[in-house]
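For the protein sequence lines, the chains are A and B, in the order given.
209 is the number that my numbering gives to position 209 of the first sequence; each next residue is one higher, with no gaps.
To convert, take the position in the second sequence, counting from 1, and add 1000; that gives my numbering.
Note that beta-carbon positions come from the ideal geometry of N, C-alpha and C, so glycine has one too.
A short write-up of the structure that comes next.
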Amino acid sequence: MLAFIIRRVLQSVVVLLIVGLVAFSLFRFVGDPIDNLLGQERTIEDIERLRGELGLDQPFPVQYFNFLQGISQGNFGVSYRQGRPVADILVERLPATLELAAISALFAMILGVTLGVYTAIRRDGWLSNAIMTASLIGVSLPTFLIGILLIYVFAVELGWLPSFGRGETVQIGWWSTGLLTASGLKAIILPAITLGLYQMTLIMRLVRSEMLEVLRSDYVKFARARGLPQRSVYFRHALKNTLVPVITITGLQLGSIIAFAIITETVFQWPGVGLLFINSIQFVDIPVMASYLMLISVMFVVINLIVDLLYFAIDPRLSASRGGGH
Amino acid sequence: MASLARALDSDLAYKFRRSPVAMVAAFIVAVLIGGAVFAPFITTQNPFDPAQLNLMNGFTEPLTPNQFTGESFILGTDDQGRDVYATILYGMRISLFVGFSAVIFAMVLGVTLGLVSGYVGGRTDTVIMRIADIQLTFPAILVALLIFGIAKGITPPDRRDEVAIWVLILAIGLSEWVQFARVVRGATLVEKGKEYVQAARLIGRSSVAIMVRHILPNTLGPVLVIATISLALAIIAEATLSFLGVGAPPTQPSLGTLIRIGQEFLFSGEWWILFFPAIALLALALSVNLLGDWLRDALNPKLR
Chain A
1 MLAFIIRRVL
11 QSVVVLLIVG
21 LVAFSLFRFV
31 GDPIDNLLGQ
41 ERTIEDIERL
51 RGELGLDQPF
61 PVQYFNFLQG
71 ISQGNFGVSY
81 RQGRPVADIL
91 VERLPATLEL
101 AAISALFAMI
111 LGVTLGVYTA
121 IRRDGWLSNA
131 IMTASLIGVS
141 LPTFLIGILL
151 IYVFAVELGW
161 LPSFGRGETV
171 QIGWWSTGLL
181 TASGLKAIIL
191 PAITLGLYQM
201 TLIMRLVRSE
211 MLEVLRSDYV
221 KFARARGLPQ
231 RSVYFRHALK
241 NTLVPVITIT
251 GLQLGSIIAF
261 AIITETVFQW
271 PGVGLLFINS
281 IQFVDIPVMA
291 SYLMLISVMF
301 VVINLIVDLL
311 YFAIDPRLSA
321 SRGGGH
Chain B
1001 MASLARALDS
1011 DLAYKFRRSP
1021 VAMVAAFIVA
1031 VLIGGAVFAP
1041 FITTQNPFDP
1051 AQLNLMNGFT
1061 EPLTPNQFTG
1071 ESFILGTDDQ
1081 GRDVYATILY
1091 GMRISLFVGF
1101 SAVIFAMVLG
1111 VTLGLVSGYV
1121 GGRTDTVIMR
1131 IADIQLTFPA
1141 ILVALLIFGI
1151 AKGITPPDRR
1161 DEVAIWVLIL
1171 AIGLSEWVQF
1181 ARVVRGATLV
1191 EKGKEYVQAA
1201 RLIGRSSVAI
1211 MVRHILPNTL
1221 GPVLVIATIS
1231 LALAIIAEAT
1241 LSFLGVGAPP
1251 TQPSLGTLIR
1261 IGQEFLFSGE
1271 WWILFFPAIA
1281 LLALALSVNL
1291 LGDWLRDALN
1301 PKLR
């Protein structure tokens, strides 16, 4: 168990170091930082002085080490386009993305499990078939088309919900939340559905197939034979045992939700880090690009690590088999 | 002729004739590809040649005569008087070109690395598969975005529009090679131990010849399935990148660019500028996806 944890943590560190190397190479080799920082009228002395100040005259490994040190202290460099420290911009933008991702994951989880259980119990009902067919189309629809469709129906035609932005936000310390105002809550509905729909269908299909599997198992037959009420069989016996893979998949999908937020944020002009990243690509703002890359990799790696460790905690069979039990 | 007759008589062709879904999907794909290829012959204007456009025709509704010129367009026109029907066919050309090129690029790269990884083994295998694992941790769209951003940073600003299409192909191709490599590596590991490979080695064929002439043909079934599914993914990825404004430039718009342009007119009621390109993209992606699903089942020996 301990050896496993140590190995997983080491692997994660290696992945982060490699991603850090990519991010650093971006800084160092794509576009000349001196060019970007000094204007047209510069002298050789200026260039030499700045080169020394930025440490660009040092060997590559030393520069990389300094870069990692800077990042670990929250120093992500200065945005070429906005002229402000990237760390400040990220802190300002991050709450919007995290709130959107959390609400989407919640939506995907609740609706996905509910529909999955329903379609498994009423396996051949017409509503189940309709839901399954709709989910197939939903998976083929690109995210941005879903967003546009929702905007057209609920913002343009019906006029019920706003089509862009976050609504009013409330500042709590450094965290700005849109979840405490009516306009903020209204604004998050469409983006959250857009972002969560794909994950919702994924969870739904997973729960359905797991449920169908479990419902065929002996202990469910036995529970039925004991004369337990249907509801107790479905929810206390069957559903409980399907939840381990569901938690794993949802956990792993959390990373993709944050990545796919790029698309949703662009459709709805949601002021989060994803929109920031797209703008940084359009304007070739290297420090912002590199920082976003580092930020999202740390999130991915940490999430994967937690899910792996949770798996151990939830499923006792895994640790037993490692001990040579089975 | 003989090989054509044999192909029509094969298992696969038989299964194809038995599956209405596959036939409809193949028909739709054929019509769309045909329309894109022959676009100059079946449209009345080249929508991206300003000399052929008449601004007075702007915002014509589908199937209604324009109030100034009296011309009518089957799918309407956009703000600059471009026939939406023509923009879709020309846009599909770009989408399909990028999609096919990216998949071929990903396939060549992935199959080569998978073969080498599986056949050579050892440290080469570890390095290649570790890279694949790390890349697989991140969603393909994120990888493509990043590669696009880097390539954009390297090219000088005045040449960015020119190379955008090629950068797009590179970015999408590099984001999708992993699936090919994994499957080919797995198949190679199985084939490597078989007697015909040992025999080939015994008569002194070189490693490259064994990999290309003996092992590769036996891995092509799954590669074909992945290529079809990757094509659907690549078309959607291209549309997504172009929609985000980091893909095909406005001078060479793909379906994604058209949807991006159309979105601006959604609020003022000109729904057709967005609606028809979106339907075209959907039909294309869905049909290719269905074909890929069918091919996977048809080539799967377990389902026979």
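Alpha helix (DSSP H) containing Ser135 (chain A): first to last residue? 126–140
Taking DSSP's pairing of strands, which residues face Asp1326 (chain B) in a bridge? The requested residue 1326 (chain B) is not part of the displayed model; chain B covers only 1001 to 1304.
Looking at Val233 (chain A) and Ala225 (chain A), is the spacing between their C-beta atoms short of 8 Å? no
For Phe4 (chain A) and Gly323 (chain A), the rounded distance between their alpha carbons: Legend: pLDDT at Gly323 (chain A) = 44, less than 50; position of this residue unreliable, no value from coordinates given.
Provide the residue span of the alpha helix (DSSP H) that contains Ser1287 (chain B), from first to last. 1272–1299
When DSSP builds the beta bridges, which residues end up paired with Ile103 (chain A)? DSSP output for Ile103 (chain A) lists no bridge partner at all.
Taking DSSP as the reference, what is the three-state secondary structure of Pro85 (chain A)? strand
Could you name each continuous alpha helix (DSSP H) segment of 4 residues or more that falls completely within the stretch 139–196 of chain A, going from the start of the chain to the end? 143–150
N-terminal and C-terminal residue of the alpha helix (DSSP H) that Met1211 (chain B) is part of: No alpha helix (DSSP H) holds Met1211 (chain B); DSSP gives it neither H nor E.
Among B:Pro1157, B:Val1197, B:Asp1078, which has the Cα closest to the Cα of Gly1269 (chain B)? B:Asp1078
Whole angstroms are fine: how far does the CA of Tyr1090 (chain B) sit from the CA of Ala1164 (chain B)? 17 Å
Would you kindly work out how many angstroms separate the C-alpha atoms of Leu1146 (chain B) and Gly1256 (chain B), rounded to a whole number? 19 Å
In the structure shown, what three-state DSSP assignment does Val62 (chain A) receive? helix
Simplified DSSP state of Val78 (chain A), which is helix, strand or coil: strand
Interface residues of the stretch 1221–1237 of chain B facing chain A [CB-CB below 7 Å]: Ile1236
Whole angstroms is fine: what's the gap from Gly325 (chain A)'s alpha carbon to Leu215 (chain A)'s? Summary for Gly325 (chain A): the model assigns pLDDT 37, below 50, so the residue's position carries little reliability; its value from the coordinates is reported in the next sentence. The straight-line gap from Cα to Cα measures roughly 27 Å.
Using a Cβ-Cβ distance under 8 Å, would Met339 (chain A) count as near chain B? The displayed coordinates of chain A run from 1 to 326. Any statement about residue 339 (chain A) would go beyond what the structure contains.
Buried or exposed (CB count within 10 angstroms, at least 16 for buried), Glu210 (chain A): buried
How is the alpha helix (DSSP H) around Pro1040 (chain B) delimited, first residue to last? 1039–1042
Just to confirm, are Ile1141 (chain B) and Ala1237 (chain B) a CB contact at a threshold of 8 Å? yes
Could you compute how far the alpha carbon of Phe268 (chain A) sits from the alpha carbon of Gly196 (chain A)? 14 Å
On the three-state DSSP scale, how would you describe Arg226 (chain A)? coil
Rounded to a whole number of angstroms, what is the C-alpha to C-alpha distance between Ser1095 (chain B) and Leu1233 (chain B)? 12 Å
Would you kindly check if the distance between the Cβ of Trp1166 (chain B) and the Cβ of Gly1307 (chain B) is under 8 Å? A query on residue 1307 (chain B) cannot be resolved here, the shown segment of chain B reaching from 1001 to 1304 and no further.
Using the Cα positions of Leu17 (chain A) and Ile247 (chain A), report the straight-line distance between them to the nearest angstrom. 28 Å
Do Leu1295 (chain B) and Thr1219 (chain B) have their C-beta atoms closer together than 8 Å? no
Determine the chain B residues that contact Thr266 (chain A) at a beta-carbon separation under 7 Å, and present them in chain order. Leu1244
Where Arg1018 (chain B) sits in the DSSP three-state scheme: helix
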